[in-house]
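In my numbering, each number is its position in the sequence shown, counted from 1, plus 34. Glycine is no exception: its CB is placed at the ideal position from the N, C-alpha and C atoms. Remember, it's a predicted structure, so these values are computed and weren't measured experimentally. Report on the following structure.
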Amino acid sequence: MKIRRAVIAFAALALFAGISVASAQDKSIVISSTTSTQDSGLFGHILPLFKAKTGIDVKVVSQGTGQALDTGRRGDADVVFVHAKSAEEKFLSEGFGVKRYPVMYNDFVLIGPNGDPASIKGSKDIVAALKTIKDKGAPFISRGDRSGTHIAEINLWKVAGIDIEKDKGPWYKSIGQGMGAALNTASASNAYVLADRGTWLSFKNRGDLVISVEGDNRLFNQYGVMLVNPAKHPNVKKEMGQALIDWLVSPEGQKAIADYKIGGQQLFFPNANAPGA
């Protein structure tokens with residue numbers, strides 16, 4: 035009898051220990067996000083701070099915004115953190131997200147060769163610059179990957195009155211890859227490319243590339259974060275996912291974002307409380 039009780043007690047203890055280990059191992063979530071938040075080094079700066087506060091480990095799936103939202107649609111992430119408001123609102127309207135929270139912004143910049151074959155360097159008018167690039171047939175690299183940057187680029191061509199799918203020629207090359215690859219391709223081919231400022235500032239292989247156009251209000255780049263809807267995907271770790279979101283929009287999280295700099299330059303500007311962001 036005593037032996038039996040000992041066996042039962044040991045089994046219960048082992049079960050409890052197993053649950054404890056599993057719980058400890060489970061203290062992690064997946065965030066599906068853009069290449070810019072990863073490639074710029076922002077996540078490398080802020081996520082260790084979040085883990086130190088909460089003990090929650092955040093695993094990053096870095097993709098273009100369209101792919102990141104698709105990852106959320108499949109339930110393969112707990113949180114999505116992207117930068118294409120119209121696509122984010124569609125994600126919510128389809129019931130895949132719970133609520134969108136604005137987090138931060140930076141801006142897009144048009145990068146180009148220092149030789150400036152389109153003669154647009156120094157302009158603050160992105161639409162006029164794109165028209166000139168097309169008219170002169172100056173080489174242009176597009177990410178072509180449904181990312182937030184690609185969506186912004188397509189919208190800017192539309193504002194310029196250009197249907198890029200119809201009007202593109204040999205000068206326009208769509209590579210279907212991320213921001214780093216697009217910048218590398220532009221560097222190798224002396225081409226223009228639209229980039230988010232954060233990735234540009236952290237990009238090391240600049241070659242002959244410089245900022246050609248910046249400062250146009252139409253280059254504003256807003257980021258938002260959403261919890262994947264647990265009603266659609268019960269596997270979503272909603273408490274830990276919401277904890278990350280709450281931290282990102284808290285004064286502590288917003289300060290962590292503002293504190294991230296490269297060469298003294300701030301890459302992202304927190305605006306969690308900005309109306310309409």
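| Asked | Found |
| --- | --- |
| Per DSSP, what kind of secondary structure is residue 140 in: helix, strand or coil? | strand |
| To the nearest angstrom, how far is the alpha carbon of residue 148 from that of residue 141? | 21 Å |
| What three-state label does DSSP hand residue 72 in the structure shown? | helix |
| Closer than 6 Å by C-beta to residue 83: which residues in its own chain qualify, once you throw out the five before and the five after it? Chain order, please. | 290 |
| Name the residue from 117, 119, 102 whose alpha carbon lies nearest to the alpha carbon of residue 111. | 102 |
| Does the beta-carbon distance from residue 274 to residue 133 come in below 8 Å? | no |
| Report the CB separation of residue 171 from residue 246 in whole angstroms; it is logged as a contact under 8 Å. | That belief does not hold up - the Cβ atoms of residue 171 and residue 246 are roughly 16 Å apart, past 8 Å. |
| Thinking C-alpha only, which one of 221, 209, 167, 299 is nearest residue 98? | 209 |
| Counting C-beta neighbours from all protein chains within 10 Å, is the total for residue 315 16 or more, i.e. buried, or is it exposed? | Any property of residue 315 remains undetermined from this structure, which presents the chain solely from 35 to 311. |
| Would residue 230 be called buried (16 or more neighbouring beta carbons within 10 Å of its own) or exposed? | buried |
| Would you mind working out which of 95, 224, 136 sits nearest residue 281, comparing C-alpha positions? | 136 |
| Please state the DSSP three-state secondary structure of residue 189. | helix |
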